[in-house]
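Numbering (my numbering), first residue to last: 24 to 357. Even glycine gets a Cβ: it sits at the ideal position worked out from N, Cα and C. All figures in this text were calculated on a predicted structure; none of them were measured in a lab. Below: one structure, written as structure tokens.
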């Protein structure tokens with residue numbers, strides 16, 4: 024039986040609980056360009072920390088689903104949890120955030136994903152562990168949402184990606200946004216060729232683009248063109264506080280960041296906020312340049328809080344920020 028509700032946005036990907044550990048004593052060691060850095064702590068010692076904050080129901084796709092719901096779209100999540108306290112807590116938290124949880128599968132005898140976030144200054148290093156779930160295809164009850172948003176899945180998901188591609192073959196009106204996670208980048212562009220071919224919007228950062236393409240190329244325009252040749256019609260490449268870039272096979276765009284009202288507090292979820300807000304704007308019928316103006320605002324807000332969801336904005340609040348934006352806050356062709 025099909026779900027009677029027509030969804031604007033359905034995210035697919037793992038959900039987790041994040042335990043944020045605020046570290047007091049550490050050092051950062053970087054190369055000369057500050058592109059590759061390591062966090063260093065004393066070995067075989069007791070290291071004090073400030074506090075721990077537990078944040079349930081997060082992860083790339085869960086964050087995107089909450090972002091879309093908060094902006095006013097009908098939003099659901101296809102995911103997997105264990106039959107433990109954390110799994111039940113994740114489902115309850117998603118419901119509180121307006122996300123339909125009917126498509127979340129609970130696995131008997133399994134644990135829910137649980138990650139540790141080492142938080143030092145305004146950056147974080149995440150210790151991840153994806154549980155071994157038996158991914159079981161795309162639920163037909165999602166019907167034909169306007170957008171599917173695919174992101175991080177565990178190592179047992181290779182077949183699941185083929186099932187997603189088959190779903191898209193059979194539902195040509197559904198748009199796919201793809202924000203690859205660690206394992207999806209590890210799988211490589213050849214094994215996920217069907218996914219790339221179905222992708223309407225592809226989103227990653229500069230380092231991830233290099234990883235997907237297996238290149239050291241630094242020219243963002245060349246990276247976007249190469250990613251587009253894999254299939255995506257629109258490519259977004261973010262570059263942290265420097266801004267973001269977009270390519271739609273005809274034009275290249277640069278979008279500056281929205282000015283931070285104060286220094287970022289914690290950066291987890293900034294990329295998810297940018298990606299999901301861009302896709303949500305398209306789901307609302309916005310143009311590419313307009314979507315580029317929406318996306319950095321949610322990123323700016325998220326980094327003022329702990330975790331990836333607390334700072335996500337409603338559409339009304341986002342448009343308030345947009346109305347107050349500096350005159351030079353707009354995309355420009357490059």
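- For residue 344, the uninterrupted alpha helix (DSSP H) run begins and ends at 338-346, by DSSP.
- Where residue 93 is concerned, the enclosing alpha helix (DSSP H) starts and stops at 83-94.
- In the DSSP assignment, residue 127 falls within the unbroken beta strand (DSSP E) covering 127-130.
- In the three-state reduction of the DSSP assignment, residue 48 falls in the coil class.
- Within the same chain, and ignoring the five residues on either side of residue 278 in sequence, the residues whose Cβ sits closer than 6 angstroms to its Cβ are 266, 267, 315 and 354.
- With contacts defined by Cβ atoms closer than 8 angstroms, residue 173 and residue 141 do not form a contacting pair.
- With a threshold of 16 other beta carbon atoms within 10 Å, residue 93 meets it and is buried.
- In its chain, beyond the 5 residues on either side, 231, 234 and 235 have a beta carbon closer than 7 angstroms to the beta carbon of residue 208.
- Looking at 336, 253 and 307, the one whose alpha-carbon comes closest to that of residue 120 is 336.
- DSSP places residue 77 within a strand segment (E or B) once states are collapsed to three.
- At a cut-off of 3 residues, the continuous stretches assigned as beta strand (DSSP E) that sit fully inside the region 146-186 are 146-150 and 170-173.
- The shortest C-alpha to C-alpha distance from residue 79 to any of 116, 68, 89 and 44 is the one to 116.
- Fully contained in the region 185-216 are the following beta strand (DSSP E) runs of length 3 or more, in chain order: 198-201.
- Out of 310, 300 and 344, the CA that lies nearest to the CA of residue 89 is found in 300.
- Residue 164 counts as exposed, since fewer than 16 other beta carbons sit within 10 angstroms of its beta carbon.
- Under the DSSP definition of a beta bridge, residue 356 partners with 276.
- If the five residues before and after residue 190 are omitted, its C-beta is found closer than 6 angstroms to the C-beta atoms of 161, all from its own chain and listed in chain order.
- Contact between the region 40-48 and the region 68-86 is established, with three or more Cβ pairs separated by less than 8 angstroms.
- With fewer than 16 other beta carbons inside 10 angstroms of its own, residue 241 counts as exposed.
- When DSSP states are grouped into helix, strand and coil, residue 141 belongs to the strand group.
- Three or more beta-carbon pairs drawn from the region 174-194 and the region 217-230 are found closer than 8 angstroms, and the two stretches are therefore classed as touching.
- Spanning the alpha carbons of residue 110 and residue 155 requires a straight line of approximately 14 angstroms.
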